[in-house]
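The next block holds one structure in the form of structure tokens; read it before the comments.
Protein chains: 2
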Amino acid sequence: MDRKEARALAEKLVAQMTLEEAAGQLSFRAPAIERLGIPSYDWWNEALHGVARAGMATMFPQAIGMAATFDPELIEQLGDVAATEGRAKYNAASRHGDTDIYKGLTFWSPNINIFRDPRWGRGQETFGEDPMLTGEMGAAYVRGLQGDGPVMKASACAKHFAVHSGPEDLRHEFDAKASAKDMAETYLPAFEKLVREAKVESVMGAYNRTNGEPCCASSALMDFLRNQWGFEGHFVSDCWAIRDFHEGHHVTENAVESAAMAINAGCDLNCGCSYEKLVTAVRVGLADESKVRESAVRLFTTRYMLGILGEGSEYDNIPYTVVECDEHLEAAEKAAREACVLLKNDGMLPLDMDKIRTLGVIGPNADSISSLIGNYHGTSSRYITVQTGIQDALEGKARVLCSVGCHLYKDRVDGLSACRDDRLAEALTVAENSDAVILVVGLDETLEGEQGDTSNPYGSADKRDLFLPESQRRMMDAVLAVGKPTTIVLLAGSAIDLGEAGEKADAVLLGWYPGARGGKAIADLLLGKASPSGKLPVTFYRNEQLAGMPEFTDYSMKGRTYRYFAHEVLYPFGYGLTYGDASVCSAVLEQKDGKPVVRIEAENAGDMDTDEVVEIYVQNEGSSFAPLNPRLCAFKRIRIPAHGTWTGTVPVDPRHFLVVDEDGHRTQDGKVVLYAGMGQPDARTAALTGHKAVPVKTM
Amino acid sequence: MDRKEARALAEKLVAQMTLEEAAGQLSFRAPAIERLGIPSYDWWNEALHGVARAGMATMFPQAIGMAATFDPELIEQLGDVAATEGRAKYNAASRHGDTDIYKGLTFWSPNINIFRDPRWGRGQETFGEDPMLTGEMGAAYVRGLQGDGPVMKASACAKHFAVHSGPEDLRHEFDAKASAKDMAETYLPAFEKLVREAKVESVMGAYNRTNGEPCCASSALMDFLRNQWGFEGHFVSDCWAIRDFHEGHHVTENAVESAAMAINAGCDLNCGCSYEKLVTAVRVGLADESKVRESAVRLFTTRYMLGILGEGSEYDNIPYTVVECDEHLEAAEKAAREACVLLKNDGMLPLDMDKIRTLGVIGPNADSISSLIGNYHGTSSRYITVQTGIQDALEGKARVLCSVGCHLYKDRVDGLSACRDDRLAEALTVAENSDAVILVVGLDETLEGEQGDTSNPYGSADKRDLFLPESQRRMMDAVLAVGKPTTIVLLAGSAIDLGEAGEKADAVLLGWYPGARGGKAIADLLLGKASPSGKLPVTFYRNEQLAGMPEFTDYSMKGRTYRYFAHEVLYPFGYGLTYGDASVCSAVLEQKDGKPVVRIEAENAGDMDTDEVVEIYVQNEGSSFAPLNPRLCAFKRIRIPAHGTWTGTVPVDPRHFLVVDEDGHRTQDGKVVLYAGMGQPDARTAALTGHKAVPVKTM
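Going line by line, the protein sequences match chains X and Y. Counting from 1, one number per residue, gives the positions in the first sequence under the working numbering. Counting from 700, one number per residue, gives the positions in the second sequence under the working numbering.
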């Protein structure tokens, strides 16, 4: 059912409602209206990386890992997996009369905020620091979630609109100040793309204010959304964000005023309880009844488009057995494999099991389910930790010795221990008895996450710095000092500086939070059953570089992310090694069907087949509006066999050749120069990867 | 090194110490005395079911499950596994200079208290409700732990001496009142056996008072131990139990008096900090210095006997690689298999996988690691839950659908849910889509356990009743109402009344807390790769029968346990089905090498090989001193092939033919009558098992 038809039905339905009935539908737990045949519906559901919080579901890598795949086709498939399982679960719940939270088809995903500061606890939920990559991955996930059928498969939601990325502990009172240029260049493009191109059905307003206005009632933001981009879906507040108007932001005096402010601005749906005051707000003349009815129409339009009011759809026949079916699990496993980023490899990986009779697996994340799943996750019927994955892969082939090594962040595992580091003797003994060691370290959602959800010892859900907790640093240093060939597997959702341990380790594989069975994918990569191919969607800074960066509360992009950072970093955006030895041999800008493409010839001089990612960056030489460094404008995941080549084209959207002036207008300026390569093709990355950056020739 | 030799060395060493030095050695964290070449030593270690709290170790079923094996040979092997791994871990820790808690060789295990009330949270730590079974299993574990070499492999500890079994929340102030008959007949025999026969090196005093005296300074109890039974090892207080003297029991005024009272009574070692006052107690004349020195001598005797002072031993060469080696893991798995008790089987088990294409696995314990491990546990390098075990076994053979079904005890899984039972729709859907259902329910150490350790919603670590939490009862009833063939797998450490669900289910398999990889053993049993053979070491009462039992605080045995309970119960002590159809055909009391044995002829009329347990009970007919019902006096685990027979003898200790009079003296009285069978051979059990009870003929 198209939007026009759905809206006509919605208008007809809402016209029959009293004000009270219509207003009641604007809260996330929308009650039934029996006289109109409307069932109750809870709008709150989550599918950040698979259906979340609703029982069993296929769990993908955390969003930041999905971004690292640089594989929009796969991400679109994952969106479809989530929508399909969401449908199956919705069908099952509905049949049993369960219309509770997390049982609906309106998923408040993806999170397309820009991961501008490496300390942000919720950065793991995003597609990274780059607007172009975020837009591509976000749009792909939305396409997958919503489908392209006559009925919308599920409703996706672009959040948090807009300019939202920490600090977590200030979010209910904070005013993010962003220039017109930063808005247009960094904070808004992904939202615009999801609205205009992916036709995302919903947009969620952020907790904070942006440039003075609370995001859930911002005339400036709503103007972009409704007027400039033509958004026709529904707008939902973040949860209890409208209450923040009077309790945190103090832009209103009370709940009635807050509700009125939000509805008048066009916030259709309230996650929270502020809209219980809507009828009062209308009665006292603060809110316009027509606004209430318009929002109700938008919400029922979505329900009709989902086919969950009225005649139903083919999706009603999706059986429960699709949940965690082999096809879905394989897609998640593929994503986990593609997400892992090989940061360092001094010839240690893949492990040569001809030389390893005993493998030590050490670290607090080695057998940690929590470090597989990140936040906003579902439940898996099976978890495969890194330790389990390695055990499975080596069963009958080598002995695997294990030690937790240390607590994730406390100074001892057992509270009764008289000394700190009470598992260190075990860890050292394991290392001494092993031919090689895998150190599995990092964070989990108790250490980086969302305000209120974490038990972060640093006092908020954000990271204090880029180092791992001291317990892990001491353990890593001690185990590395044993001197065995050592690989670090890092499970975290953000930039981490491993410090000396990272320098001393023979290899470092970044697994993000790889999903419920991510340990299998990681074991496959460690053992060379597949080649790593993920690329960093965020810059990995050196910890000391934090000191030179803008304050966490400063939303200016100057000095932030690879586009604006002036110094050599630990590992740059777009970086990631493989077990192959691939590089771009030549790159030529051509026209294909009237659109620009870059024709690439690439070769793999290595002995292993591998996926790679061709990344194309653009710079506007001589333009004062251009960001400091070349910026991603196109990319394509390819596969190159060992000692083979790949030839093909990578489409480039010429809008990326524009720069943004100080007023936020896109304009042509400077000389457009393109570079193509594997990994970010600048001199610094070239030195790290050993690959040349190739200037793109213009025909 | 024998005790005499060790004691001579200890006396020589202690003679060189100042009072302060000697007194300092009587606290569990004994400091180094460098001038005498004595390293620091922490006496506190645990090995209730494998080495606990010290990192990786092979984890056996919880003690109550070990008891259910009725297999002392296996339990002795498990004790040796724990001692061997303890040695390997001690060697590793020592090499790294780590002498912290849980790193020593003095294991405060086993717990041989009598599980007299089914509500006791720590009942899971015991070998059940029967003194004879407890003594046999406890002695076997001690033999395994201590070994029979010239050097003691590890030091075991019989705890908690004596008359200790809840309520947990009163333990620091409670006075257990036990008659002389109950002491001699029920509470003390296992302690006596472990001291006299198994030569247990250590005894731990309980928190509570017994008949007015605090157990860690009881002249009555110490008289049994040292004078009547000849105990020569060391006596340790429960942790901070001496502080309870003045803070809980109010038998002293302050810490100095408490320390004096304990040392004067012969409590050699203080787990806690009360003995920091020992020197003061001597100085003010409350304590005798010779007592301090005697206790120090006993403690150093143990250390010399362990070979950890002086010349060392062959055990110093036990390599770390024995930890979780295949042989140890196999012993643990065997124990898990033997521990499971098949409570009910209406032909449902073993599962006929020719008829099952989809199997539903539902319940809060299905994928719960916590429900595998019980309390006082180590860490496993791998956990196999029931769900994982089933998935592994059915991979490629059948689809496994899963649902947590409900929270373990809360009314909803997700706190934001508006309605309770927020996973019920999923559970029902799984059942509807399955050909058969496995419901995995029960408790874990958060619901039954030790005071202070649990998050028990009922306000203490003990159970309030014998039912599962309401969340699970509602879920079970609803899933059973779907009508699919359903097996309940119950994971709990004590008697549970499943209520209607138990009646409606087609089969009930009790897995206890089966250990880290217990899910594999349970899957093997469900699928018929082995036959269940465990027997109940405790009576499974109907919940309503609690009302007729003595108060939890009443330590009189009248009306408690199978020996004194007058009514038909849900499942009696000694009960347990198999997939065979075995029964005793004839039983004859004979003499063999001058000792009584019962010659058994048994047959298995069934189609499956199985282990069985021949249980022999004795009654003294006509004796007013005899317990109400026949009592276990001998048992033997046997293996009978399908359609085969077993013939052999079961030794009987004639001391079990004696009864205990009101003064606590053992005496001959009444006519001794023996019964032999599989499962407790009385009329009620016979009806449940379909097996005859066979009177033992006397030649």
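Built from N, CA and C at the ideal position, the CB exists for glycine as well.
Bounds of the beta strand (DSSP E) holding Lys1291(Y) are Ala1281 to Lys1291. Asp701(Y) counts as exposed, since fewer than 16 other beta carbons sit within 10 angstroms of its beta carbon. Leaving aside the five residues that flank Thr379(X) on each side, the residues in its chain whose CB is nearer than 6 Å to its CB run, in chain order, Gly55 and Met56.
DSSP, reduced to helix, strand and coil, places Ala875(Y) within a strand of the structure shown.
Within chain X, the residues whose beta carbon sits less than 7 Å from that of Leu1115(Y) are Ile101, listed in sequence order. In this structure, Ser726(Y) and Asn969(Y) form a Cβ contact; the two beta carbons are roughly 5 Å apart against a cut-off of 8 Å. Beta-bridge partners assigned by DSSP to Pro913(Y): Arg908(Y).
Residues of the same chain with a CB within less than 7 Å of the CB of Leu1127(Y), apart from the 5 flanking positions on each side, are Ala1177, Val1178 and Val1181 in chain order. When the Cα atoms are used, Tyr1014(Y) and Glu784(Y) turn out to be separated by approximately 11 Å. Between Gly947(Y) and Glu872(Y) the beta-carbon gap is near 4 Å, inside 8 Å, which marks them as a contact.
The stretch 289-307 of chain X makes no contact with the stretch 459-472 of chain X, as fewer than three CB pairs between them are under 8 Å. The beta carbon of Ile1083(Y) sits closer than 6 Å to those of Arg1216, Gly1218 and Lys1219, all from its chain and outside the five residues before and after it, given in chain order. Contact of Asp1121(Y) with chain X by beta-carbon distance below 7 Å involves Asp100. Take Lys880(Y), set aside five residues on each side of it, and the residues of its chain with a beta-carbon closer than 6 Å to its own are Val1359, Glu1361 and Gly1363, in chain order.
Chain order gives the chain Y residues near Gln387(X) as Ser1080 and Arg1081, where near means a beta carbon separation below 8 Å. Distance between Val282(X) and Ala22(X), taken at the CA atoms: about 12 Å.
In the DSSP assignment, Arg1298(Y) falls outside any alpha helix (DSSP H) and within the unbroken beta strand (DSSP E) covering Lys1294 to Asn1303. Note that the C-beta distance between Val894(Y) and Phe930(Y) is below 7 Å. Nearest Cα to Asp130(X) within the set Lys334(X), Met557(X) and Thr446(X): Met557(X). Residue pairing by DSSP puts Asn1319(Y) in a beta bridge opposite Val1371(Y). Note that the C-beta distance between Ser1070(Y) and Asp1025(Y) is not below 7 Å. Using beta-carbon distances, Asn270(X) does not count as an interface residue toward chain Y, since no partner is under 7 Å. Per the C-alpha coordinates, the member of Ile962(Y), Gly1011(Y), Ala792(Y) and Thr1001(Y) positioned closest to Asp987(Y) is Ile962(Y). At least one beta carbon of chain X lies nearer than 7 Å to the beta carbon of Asn1132(Y).
Annotated three-state conformation of Tyr1014(Y) is helix, per DSSP.
In the structure shown, His1355(Y) adopts helical secondary structure according to DSSP, grouped into three states. Under the 7 Å criterion on CB atoms, Thr321(X) is classed as interfacial with respect to chain Y. Residue pairing for Tyr571(X): DSSP places it in a beta bridge opposite Phe540(X).
Boundaries of the beta strand (DSSP E) around Ala1135(Y): Ala1135 to Gly1141.
Within a 10 Å sphere around the beta-carbon of Asn1016(Y) sit fewer than 16 other beta-carbons, which makes this residue exposed.
In chain order, Leu105 place their CB closer than 6 Å to the CB of Tyr90(X), counting only its own chain and leaving out the 5 sequence neighbours on each side.
By the 16-neighbour rule on beta-carbons within 10 angstroms, Gly347(X) is exposed. Not a single C-beta of chain Y is nearer than 7 Å to the C-beta of Leu359(X). Secondary structure of Pro131(X) (DSSP, three-state): helix. A distance below 6 Å between beta-carbons, with the five flanking residues on each side excluded, links Ser973(Y) to the following residues of its chain, in chain order: Ile941, Arg942, Ala954, Ser957 and Ala958. Pairing Asp462(X) with Arg119(X) gives a Cβ-Cβ distance under 7 Å.
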